[in-house]
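Report on the structure given below.
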Amino acid sequence: MSCCVHQANQEVLRSCQSSDSSVATKSLTSCPAIGWTQTDIISAERHAIRVFRLKFGAICVTCLPNLWQRTKHTIHSRICVSIERPIGLQQTMSDNNSVGSSGSDASDTSAVNFFELIPNEIIETIVSQRAVRYEDLCRLSRVSKRFRDVIDRNGDLWRKKFRHQWPQLWPQLWPKTCRNRPEDMPSAIVDWHGLVADRHLIGRHVRREVCRLGEDHYSDEELSNESFKAFLHYNDDNSRRHCPQLTTHLTNLFQINELEVLLGDGDDRKNLTVKYYSLKVLRFLRHHSLKRQWIQYMASDVESRDYFYGSLMISSWFQLNKTVNEDHYRRQIELMSQMTVDEVVLKYPTNAIIRDNGAQCLSDSEANALNESKWCSKDCKQILFCMNEVLFSQLGFVSNDEDYYDMNNSFMDKVIDNRLGIPITYCILYQTIAAKLGVKTFGVNFPHHFILKWKQFDHESESNRWAYIDVYRSGQLLSPSSSLFQNHSDVDVECLAVCTPREVFCRMCRNLVEIGRQQEISSEGLICLRNALELLCILAPDENEPQLLLSRVYLHLNINLEDVNEMLQKISERDPNSIGVVMFLRQSVTSQLSAKRNGGATARKTCAKRRKDNNDIKYAVGMIMSHIKYNYRCVIYGWDSKCAASRDWIYQMGVYNLPNKDKQPFYNVLVEDGSTRYAAQENLEPCAEPLEVRHPEIGKYFKEFADTHYKPNEQKAEEYPDDEEAIDIICRVFLIVLILPFSNAFMENFGNVFGQMGDSLNGFVDSLYNNVDSWADHIIQHAKDEDCQHICPHMKTPVQNKSFEFIPKGCKTFGIKVDNHFQNIPIKESDLPIKEMGNCCNEHQKCYHKCGSVKNDCDDQLNECFMKKCKETQKEDTLLKGCRTATKLLMMSFLTFGCKSFKDAQKEACVCLASDEL
Numbered sequence: 003m004s005c006c007v008h009q010a011n012q013e014v015l016r017s018c019q020s021s022d023s024s025v026a027t028k029s030l031t032s033c034p035a036i037g038w039t040q041t042d043i044i045s046a047e048r049h050a051i052r053v054f055r056l057k058f059g060a061i062c063v064t065c066l067p068n069l070w071q072r073t074k075h076t077i078h079s080r081i082c083v084s085i086e087r088p089i090g091l092q093q094t095m096s097d098n099n100s101v102g103s104s105g106s107d108a109s110d111t112s113a114v115n116f117f118e119l120i121p122n123e124i125i126e127t128i129v130s131q132r133a134v135r136y137e138d139l140c141r142l143s144r145v146s147k148r149f150r151d152v153i154d155r156n157g158d159l160w161r162k163k164f165r166h167q168w169p170q171l172w173p174q175l176w177p178k179t180c181r182n183r184p185e186d187m188p189s190a191i192v193d194w195h196g197l198v199a200d201r202h203l204i205g206r207h208v209r210r211e212v213c214r215l216g217e218d219h220y221s222d223e224e225l226s227n228e229s230f231k232a233f234l235h236y237n238d239d240n241s242r243r244h245c246p247q248l249t250t251h252l253t254n255l256f257q258i259n260e261l262e263v264l265l266g267d268g269d270d271r272k273n274l275t276v277k278y279y280s281l282k283v284l285r286f287l288r289h290h291s292l293k294r295q296w297i298q299y300m301a302s303d304v305e306s307r308d309y310f311y312g313s314l315m316i317s318s319w320f321q322l323n324k325t326v327n328e329d330h331y332r333r334q335i336e337l338m339s340q341m342t343v344d345e346v347v348l349k350y351p352t353n354a355i356i357r358d359n360g361a362q363c364l365s366d367s368e369a370n371a372l373n374e375s376k377w378c379s380k381d382c383k384q385i386l387f388c389m390n391e392v393l394f395s396q397l398g399f400v401s402n403d404e405d406y407y408d409m410n411n412s413f414m415d416k417v418i419d420n421r422l423g424i425p426i427t428y429c430i431l432y433q434t435i436a437a438k439l440g441v442k443t444f445g446v447n448f449p450h451h452f453i454l455k456w457k458q459f460d461h462e463s464e465s466n467r468w469a470y471i472d473v474y475r476s477g478q479l480l481s482p483s484s485s486l487f488q489n490h491s492d493v494d495v496e497c498l499a500v501c502t503p504r505e506v507f508c509r510m511c512r513n514l515v516e517i518g519r520q521q522e523i524s525s526e527g528l529i530c531l532r533n534a535l536e537l538l539c540i541l542a543p544d545e546n547e548p549q550l551l552l553s554r555v556y557l558h559l560n561i562n563l564e565d566v567n568e569m570l571q572k573i574s575e576r577d578p579n580s581i582g583v584v585m586f587l588r589q590s591v592t593s594q595l596s597a598k599r600n601g602g603a604t605a606r607k608t609c610a611k612r613r614k615d616n617n618d619i620k621y622a623v624g625m626i627m628s629h630i631k632y633n634y635r636c637v638i639y640g641w642d643s644k645c646a647a648s649r650d651w652i653y654q655m656g657v658y659n660l661p662n663k664d665k666q667p668f669y670n671v672l673v674e675d676g677s678t679r680y681a682a683q684e685n686l687e688p689c690a691e692p693l694e695v696r697h698p699e700i701g702k703y704f705k706e707f708a709d710t711h712y713k714p715n716e717q718k719a720e721e722y723p724d725d726e727e728a729i730d731i732i733c734r735v736f737l738i739v740l741i742l743p744f745s746n747a748f749m750e751n752f753g754n755v756f757g758q759m760g761d762s763l764n765g766f767v768d769s770l771y772n773n774v775d776s777w778a779d780h781i782i783q784h785a786k787d788e789d790c791q792h793i794c795p796h797m798k799t800p801v802q803n804k805s806f807e808f809i810p811k812g813c814k815t816f817g818i819k820v821d822n823h824f825q826n827i828p829i830k831e832s833d834l835p836i837k838e839m840g841n842c843c844n845e846h847q848k849c850y851h852k853c854g855s856v857k858n859d860c861d862d863q864l865n866e867c868f869m870k871k872c873k874e875t876q877k878e879d880t881l882l883k884g885c886r887t888a889t890k891l892l893m894m895s896f897l898t899f900g901c902k903s904f905k906d907a908q909k910e911a912c913v914c915l916a917s918d919e920l
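The number in the numbering used here is simply the position in the sequence shown, starting from 1, with 2 added.
The structure is reproduced here in structure tokens:
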């Protein structure tokens with residue numbers, strides 16, 4: 003068997019085999035490329051048989067009737083029946099494997115020959131099924147020369163596997179300028195087998211590097227561009243060799259696709275750290291690719307620039323976890339344009355677009371090359387009126403006055419999907435559709451309100467030649483006397499000039515800069531600000547203001563300090579008057595670079611905070627809390643035993659007005675509104691409904707949401723090594739509280755919880771006792787207020803039933819099992835007064851079965867009995883507290899769910915007699 007295959011295929015093979023120990027690679031000179039022995043090959047053959055047998059049990063009859071009709075009857079009877087009946091084959095193999103080694107080898111050879119008889123066309127059809135993954139093809143092609151010949155050299159088969167495995171990647175493979183689609187390209191031109199191998203290897207590389215980011219950069223507030231250099235090591239030369247006609251950057255495309263797979267696994271509660279860093283890498287790679295596109299776009303002729311394409315690139319630049327499908331939104335534009343044509347046909351059947359153009363829209367290239375309107379003024383006006391009817395009446399586009407500064411108003415895909423927008427995005431949409439209908443409009447950078455203008459008259463003066471369109475107000479035509487112009491009477495002629503694509507997109511970026519600055523307190527606002535400034539620096543590389551502001555953002559995040567130095571150098575060269583600001587910022591850069599070089603290794607060493615040294619800490623990292631004063635929901639990601647903020651912050655936030663001032667624990671919390679805050683312990687309480695907290699930084703500290711709390715990732719667990727155990731105790735206690743009435747093992751669980759607490763958790767235990775005690779007291783008092791008494795029907799009087807015999811059942815009466823021993827619990831039998839508690843329950847039930855007794859009196863006697871037994875049996879303070887808390891929880895169950903038990907007991911113990919029967 004030949005083992006000389008492409009190195010990439012070997013990597014795929016090793017990955018495929020890693021999950022099957024029976025196919026483990028070993029050193030062997032006869033097969034140096036893989037290192038298989040003959041035993042390994044036989045094991046792989048068995049695995050190949052299992053693939054066929056388990057995945058394609060009945061495929062020959064259900065999917066391939068015509069192919070099987072063309073096979074010989076003997077092959078049909080020997081193979082098809084065996085594949086249809088995998089249990090029989092499995093039994094045969096098991097029987098053969100139970101005999102000696104020679105017999106086993108013979109059975110294996112027979113089994114392999116079994117499949118050697120299958121015609122090639124049937125093998126191809128079977129392995130072409132969507133259920134067969136490319137890993138299965140790797141295995142099958144290695145166990146038989148026949149299978150390898152059928153699989154490895156079958157380009158059509160690997161093309162199908164590529165499309166099945168990565169359907170989202172498929173439409174992105176081919177450039178729009180290529181006339182052939184991927185499925186139409188001959189397999190002789192494209193090495194699909196090699197592309198599958200490259201995609202697999204790049205995906206594995208991405209997963210490995212994403213995990214490494216969390217290990218290396220946990221202590222960094224943000225990741226610099228240099229942190230992603232591992233994702234730029236791959237080049238496209240290897241992939242281009244598989245497909246010379248492919249002009250896209252395959253490596254970047256494959257890496258982005260793998261990141262999208264990691265982010266879109268369908269479970270938003272798990273793998274949070276991997277998704278957090280995947281989104282960071284996705285941002286970098288998307289911007290790396292889009293930056294090239296923007297540079298090419300801005301270098302093209304002004305007349306050939308497509309405004310709509312530019313607006314979609316802005317959407318892609320800001321929406322990092324979404325692939326903006328240009329083809330989809332092009333089809334939306336085509337649909338809206340055609341609806342407008344239909345409206346013109348209905349209202350103006352003699353319009354030129356019908357008469358001269360056959361009621362057809364212009365193509366995208368024709369519309370983009372349009373320099374002036376194709377029709378006369380009258381026909382253009384009719385088309386614009388019909389556009390207004392379609393867009394604002396039929397499709398329902400409206401002005402988003404209520405949420406004008408929502409960043410989604412600047413994203414063209416969101417504007418089309420939501421039918422909400424602001425003037426500039428509406429003008430781009432309107433301009434694009436009008437061009438498809440042969441009407442040329444131009445953008446006007448009017449102050450505070452973007453509008454369009456349309457050349458209505460050719461032979462008038464410049465001031466009377468143009469008509470202005472306020473798209474934001476349903477496309478109304480503006481006259482010189484309109485309020486918009488009257489309110490800006492001092493506007494000069496330059497404000498009414500046609501603006502270039504660069505000016506349009508710079509204005510959109512400046513809008514987003516302002517939105518980011520308004521929301522800078524939240525992580526999302528800072529991300530928006532940074533994205534907008536980075537794009538603005540690409541669109542306007544000679545402007546100083548955005549580069550200065552971006553330099554401040556980078557310094558604030560302590561990232562890209564070399565880029566800051568470069569920007570400051572260019573600013574000082576362009577504007578010598580800015581030397582003062584530049585010098586100040588350069589000093590900050592020098593200081594931060596020095597700190598990074600000197601303290602980088604130290605910062606990566608996590609300083610563990612132990613709870614045994616901080617007894618006042620009541621809560622733990624990962625707990626979902628509610629702020630008592632401001633009522634926001636948050637999750638704890640760190641704590642200090644005393645307020646560690648600056649003195650200025652303490653005075654500004656009024657910490658000295660709190661009862662415990664700054665001499666109490668403070669917690670770092672991630673708030674659901676996207677902000678990060680520092681809250682005093684007395685202002686926090688466990689959230690009654692521990693729902694997920696949506697915050698961009700959740701994944702940096704936590705790996706999973708576990709219904710009641712967040713589980714810290716490896717780095718956070720090293721920083722707070724005791725908190726995972728503490729939060730587990732808290733959640734288990736409150737879970738016990740919730741399920742108490744339905745649990746038959748309450749005492750076992752409760753004993754297990756408190757039995758795990760050591761000296762290091764003393765302070766935590768005390769606070770936990772207090773919380774549970776307070777909560778239980780509230781429930782008990784509320785339950786006592788309930789009116790619970792046995793009432794005989796028809797005004798009869800209850801009297802003791804002399805024939806009733808009371809049988810003591812202990813605490814089992816309430817569905818709570820209290821035995822004389824615990825199983826698998828690391829505490830002694832004497833830790834809780836088990837026998838004595840059972841006696842108390844017997845007396846309690848005896849009181850319940852005394853006709854005419856009062857439920858609250860019986861319950862008070864039970865509580866006194868419990869507390870007395872705790873005091874008699876528990877000598878240590880910690881155990882005494884645990885016993886008392888446990889009895890309160892028992893009492894809570896009795897009182898909350900004991901009314902029915904009391905009434906049932908009274909029915910058993912009493913008989914109802916009329917007055918004449920007494």
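Idealized CB from N, CA, C, for every residue including glycine. Since this is a predicted model, take the numbers as computed values, not measurements.
Residue i, enclosing alpha helix (DSSP H) - first and last residue
i, result
"A199", "W194 to D218"
"M869", "K857 to T875"
"C539", "S525 to L541"
"V283", "L274 to A301"
Buried versus exposed call for residue i [16 or more other C-beta atoms within 10 Å across all chains shown]
i, result
"T352", "exposed"
"F904", "buried"
"E874", "exposed"
"R924", "This structure leaves residue 924 out entirely; the chain is present only between 3 and 920."
"K163", "buried"
"G398", "exposed"
"N659", "exposed"
"R576", "exposed"
Residue from the options whose Cα sits closest to the Cα of residue i
i, options, result
"N410", "G398, S395 and T427", "T427"
"N122", "N156, C140 and I355", "N156"
"H330", "G216, K383, L864 and K416", "K416"
"C508", "E526, H166 and P543", "P543"
"H796", "D218, V326 and S917", "S917"
"V637", "V591, L686, R612 and R613", "L686"
Residue i - containing beta strand (DSSP E), residue span
i, result
"L479", "Q478 to L480"
"F707", "F704 to F707"
"C912", "C912 to L915"
"Y712", "Y712 to P714"
Which residues DSSP lists as bridging residue i, in chain order
i, result
"E687", "S628"
"W468", "K457"
"Y680", "N670"
"W641", "Y669"
"F2", "The chain is shown only over 3 to 920; residue 2 falls outside these bounds and no answer can be derived."
"V801", "V913"
Any chain C beta carbon closer than 7 Å to residue i
i, result
"I652", "Included in the structure is just one protein chain, with no chain C present."
The ligand ZN heavy atom lying under 6 Å from the CB of residue i
i, result
"N844", "Questions concerning the ligand ZN fall outside what the structure shown contains, since it holds no ligand whatsoever."
Evaluate contact between the region 372-391 and the region 464-482, counting only Cβ atoms and requiring at least three cross-stretch pairs below 8 Å.
yes
Cβ pair count under 8 Å reaching 3, the region 290-304 against the region 343-363:
no
Could you tell me whether the region 278-294 touches the region 687-703, where touching means 3 or more Cβ pairs closer than 8 Å?
yes
For the region 310-327 against the region 281-294, do three or more pairs of beta-carbon atoms, one drawn from each stretch, fall closer than 8 Å, so that the two count as touching?
yes
Measuring CB atoms only, is the region 216-229 touching the region 552-571, in the sense that at least three cross pairs come out at less than 8 Å?
yes
Between the region 502-520 and the region 307-316, do three or more beta carbon pairs fall short of 8 Å?
The answer is yes - the region 307-316 touches the region 502-520, with three or more Cβ pairs under 8 Å.
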